[in-house]
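In this note's numbering, the protein residues as written are 1 to 179.
See below:
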(Lines of atoms letter the chains of each structure in order from A; the text may use other names.)
(Lines give C-alpha, C1' and ligand atoms only; values in the text may rest on other atoms or scores of the structure.)
Protein backbone atom coordinates (compact mmCIF):
# COMPACT_ATOMS: atom_id res chain seq x y z
CA UNK A 1 0.00 0.00 0.00
CA UNK A 2 2.75 2.49 0.95
CA UNK A 3 5.32 2.87 -1.83
CA UNK A 4 8.80 1.71 -0.91
CA UNK A 5 11.57 4.31 -0.67
CA UNK A 6 14.32 3.29 -3.05
CA UNK A 7 17.79 2.88 -1.52
CA UNK A 8 16.56 3.98 1.92
CA UNK A 9 19.54 2.50 3.75
CA UNK A 10 22.15 3.90 1.39
CA UNK A 11 23.89 7.17 0.57
CA UNK A 12 21.84 7.47 -2.63
CA UNK A 13 18.36 7.44 -1.10
CA UNK A 14 15.50 8.38 -3.39
CA UNK A 15 14.61 12.07 -3.07
CA UNK A 16 11.37 13.01 -1.37
CA UNK A 17 10.14 14.63 -4.59
CA UNK A 18 10.66 11.39 -6.52
CA UNK A 19 9.11 9.36 -3.73
CA UNK A 20 6.04 11.58 -3.50
CA UNK A 21 5.43 11.27 -7.24
CA UNK A 22 4.73 7.57 -6.56
CA UNK A 23 2.26 8.40 -3.78
CA UNK A 24 -1.05 6.63 -4.53
CA UNK A 25 -4.37 8.45 -4.76
CA UNK A 26 -5.81 6.04 -2.19
CA UNK A 27 -3.52 7.66 0.40
CA UNK A 28 -4.06 11.29 -0.60
CA UNK A 29 -5.85 12.01 2.71
CA UNK A 30 -2.45 11.74 4.43
CA UNK A 31 -0.99 15.27 4.31
CA UNK A 32 2.20 15.74 2.31
CA UNK A 33 3.96 17.16 5.38
CA UNK A 34 3.13 14.00 7.36
CA UNK A 35 4.40 11.85 4.50
CA UNK A 36 7.68 13.77 4.41
CA UNK A 37 8.41 14.19 8.13
CA UNK A 38 7.28 10.75 9.27
CA UNK A 39 6.84 8.17 6.54
CA UNK A 40 9.72 9.28 4.30
CA UNK A 41 12.27 10.41 6.91
CA UNK A 42 11.59 7.55 9.32
CA UNK A 43 10.80 4.80 6.82
CA UNK A 44 12.28 1.90 8.80
CA UNK A 45 10.55 2.96 12.04
CA UNK A 46 7.33 3.70 10.19
CA UNK A 47 7.14 0.01 9.24
CA UNK A 48 6.45 -0.83 12.88
CA UNK A 49 3.27 1.27 12.74
CA UNK A 50 1.78 -0.57 9.74
CA UNK A 51 -0.21 -3.08 11.85
CA UNK A 52 -2.11 -0.06 13.27
CA UNK A 53 -3.14 0.89 9.72
CA UNK A 54 -2.04 4.54 9.44
CA UNK A 55 -3.89 4.59 6.12
CA UNK A 56 -7.13 4.45 8.16
CA UNK A 57 -6.35 7.37 10.44
CA UNK A 58 -7.77 10.86 10.04
CA UNK A 59 -5.18 13.66 9.95
CA UNK A 60 -5.86 17.24 10.99
CA UNK A 61 -3.55 20.22 11.37
CA UNK A 62 -4.41 21.88 14.69
CA UNK A 63 -3.04 24.67 16.83
CA UNK A 64 -2.22 23.66 20.40
CA UNK A 65 -1.74 25.97 23.35
CA UNK A 66 1.28 25.50 25.60
CA UNK A 67 -0.98 23.74 28.10
CA UNK A 68 -2.12 21.26 25.44
CA UNK A 69 1.49 20.66 24.38
CA UNK A 70 2.29 19.62 27.95
CA UNK A 71 -0.50 16.99 27.76
CA UNK A 72 1.31 15.07 25.00
CA UNK A 73 2.59 11.82 26.45
CA UNK A 74 4.90 8.97 25.59
CA UNK A 75 5.54 5.49 26.93
CA UNK A 76 8.26 4.10 29.18
CA UNK A 77 10.88 6.60 30.35
CA UNK A 78 10.49 8.88 27.34
CA UNK A 79 8.81 11.70 29.33
CA UNK A 80 11.92 12.00 31.53
CA UNK A 81 14.18 11.99 28.48
CA UNK A 82 12.10 14.62 26.69
CA UNK A 83 12.14 16.92 29.71
CA UNK A 84 15.89 16.41 30.09
CA UNK A 85 16.58 17.42 26.48
CA UNK A 86 14.30 20.43 26.96
CA UNK A 87 16.22 21.56 30.05
CA UNK A 88 19.51 21.10 28.19
CA UNK A 89 18.28 23.45 25.45
CA UNK A 90 17.92 26.28 27.95
CA UNK A 91 20.73 25.45 30.37
CA UNK A 92 23.45 23.83 28.27
CA UNK A 93 25.47 25.08 25.32
CA UNK A 94 25.39 22.25 22.78
CA UNK A 95 21.67 22.12 22.04
CA UNK A 96 21.46 25.92 21.66
CA UNK A 97 23.94 25.77 18.79
CA UNK A 98 22.16 23.14 16.69
CA UNK A 99 20.04 24.31 13.77
CA UNK A 100 16.90 23.12 15.56
CA UNK A 101 17.81 24.75 18.86
CA UNK A 102 18.63 28.06 17.18
CA UNK A 103 15.41 28.01 15.18
CA UNK A 104 13.15 27.22 18.10
CA UNK A 105 14.78 29.68 20.52
CA UNK A 106 14.46 32.44 17.93
CA UNK A 107 10.99 31.63 16.54
CA UNK A 108 9.39 30.28 19.72
CA UNK A 109 7.88 27.24 18.03
CA UNK A 110 8.77 24.24 15.87
CA UNK A 111 9.92 24.49 12.23
CA UNK A 112 7.44 21.79 11.26
CA UNK A 113 4.53 20.38 13.27
CA UNK A 114 5.05 17.35 15.46
CA UNK A 115 2.74 14.39 14.85
CA UNK A 116 0.64 13.05 17.70
CA UNK A 117 -1.96 10.34 18.04
CA UNK A 118 -5.44 10.61 19.52
CA UNK A 119 -7.60 7.61 20.56
CA UNK A 120 -4.52 5.37 20.88
CA UNK A 121 -4.81 4.69 24.64
CA UNK A 122 -6.11 1.14 24.29
CA UNK A 123 -3.28 0.12 21.94
CA UNK A 124 0.22 -1.07 22.75
CA UNK A 125 3.01 1.11 21.42
CA UNK A 126 4.21 -0.65 18.25
CA UNK A 127 7.90 0.17 18.29
CA UNK A 128 9.68 -0.85 21.48
CA UNK A 129 7.10 -1.11 24.21
CA UNK A 130 4.77 -3.99 23.40
CA UNK A 131 3.58 -4.29 26.98
CA UNK A 132 2.65 -0.64 27.53
CA UNK A 133 -0.38 1.09 26.06
CA UNK A 134 0.01 4.46 24.44
CA UNK A 135 -0.94 7.62 26.30
CA UNK A 136 -4.11 9.68 26.41
CA UNK A 137 -5.19 12.25 25.55
CA UNK A 138 -2.26 12.40 23.10
CA UNK A 139 0.60 10.07 22.18
CA UNK A 140 3.73 11.41 20.50
CA UNK A 141 4.31 9.71 17.16
CA UNK A 142 6.97 11.86 15.46
CA UNK A 143 8.97 14.88 16.58
CA UNK A 144 10.69 13.79 19.79
CA UNK A 145 13.40 16.47 19.72
CA UNK A 146 11.01 19.22 18.65
CA UNK A 147 8.59 18.30 21.45
CA UNK A 148 11.38 18.13 24.03
CA UNK A 149 12.67 21.58 23.11
CA UNK A 150 9.15 22.99 23.12
CA UNK A 151 8.46 21.50 26.57
CA UNK A 152 11.73 22.95 27.84
CA UNK A 153 10.80 26.38 26.54
CA UNK A 154 7.34 26.11 28.13
CA UNK A 155 8.67 24.96 31.52
CA UNK A 156 11.40 27.61 31.37
CA UNK A 157 8.99 30.40 30.36
CA UNK A 158 11.22 31.29 27.42
CA UNK A 159 10.82 34.91 26.31
CA UNK A 160 10.19 34.08 22.62
CA UNK A 161 7.72 31.27 23.32
CA UNK A 162 4.68 31.35 21.04
CA UNK A 163 1.24 30.98 22.60
CA UNK A 164 0.19 28.35 20.03
CA UNK A 165 1.95 25.69 17.98
CA UNK A 166 0.92 23.73 14.89
CA UNK A 167 0.49 20.00 15.50
CA UNK A 168 -0.65 17.19 13.21
CA UNK A 169 -3.26 15.14 15.09
CA UNK A 170 -3.65 11.61 13.75
CA UNK A 171 -6.90 10.13 15.04
CA UNK A 172 -7.22 6.39 15.36
CA UNK A 173 -10.69 5.18 14.31
CA UNK A 174 -12.80 3.91 17.20
CA UNK A 175 -14.66 1.56 14.88
CA UNK A 176 -13.56 -0.64 12.00
CA UNK A 177 -14.02 2.10 9.42
CA UNK A 178 -11.08 3.02 7.28
CA UNK A 179 -10.90 6.57 5.87
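Note that CB positions come from ideal geometry on N, CA and C, so glycine has one too. Every value quoted in this text rests on a predicted model; they were computed, and no experiment measured them.
> In three-state terms, what does DSSP make of residue 75?
Replying inline: In the three-state reduction of the DSSP assignment, residue 75 falls in the coil class.
> Under the three-state reduction of DSSP, which class applies to residue 23: helix, strand or coil?
Replying inline: Coil, per DSSP.
>> Within the continuous beta strand (DSSP E) that includes residue 140, where are the two ends?
In response: Per DSSP, the unbroken beta strand (DSSP E) holding residue 140 starts and ends at 138–142.
> If you follow the beta strand (DSSP E) that residue 69 is part of, which residue opens it and which one closes it?
Replying inline: According to the DSSP assignment, residue 69 belongs to no beta strand (DSSP E) but to the alpha helix (DSSP H) extending over 66–69.
> Where DSSP assigns a beta bridge to residue 165, which residues make up the other side?
Replying inline: Looking at the DSSP output, residue 165 shares a beta bridge with 64.
> Going by other Cβ atoms of all chains shown within 10 Å of its Cβ, with 16 needed for buried, is residue 99 buried or exposed?
Replying inline: Burial is judged here by how many other beta carbons sit within 10 angstroms of a residue's own beta carbon; residue 99 has fewer than 16 and is exposed.
>> Just verifying my parser: in three-state terms, what is the DSSP assignment at residue 8?
In response: Coil.
> For residue 94, does the three-state DSSP call read helix, strand or coil?
Replying inline: Coil.
> DSSP state of residue 47, grouped into three classes?
Replying inline: In the structure shown, residue 47 sits in a helix (DSSP, three-state: H, G or I).
> Do residue 147 and residue 30 have their CB atoms nearer than 8 Å?
Replying inline: No, they are not a contact pair.
>> Looking at residue 166: is its Cβ nearer than 8 Å to the Cβ of residue 113?
In response: It is a contact, given that the beta carbons lie within the stated cut-off.
> Going by DSSP, what residues sit across from residue 117 in a beta bridge?
Replying inline: Residue pairing from DSSP places residue 117 in a beta bridge opposite 139 and 170.
> If we call anything under 8 Å between Cβ atoms a contact, is residue 139 one with residue 74?
Replying inline: Between residue 139 and residue 74, the gap from beta carbon to beta carbon is short of 8 Å.
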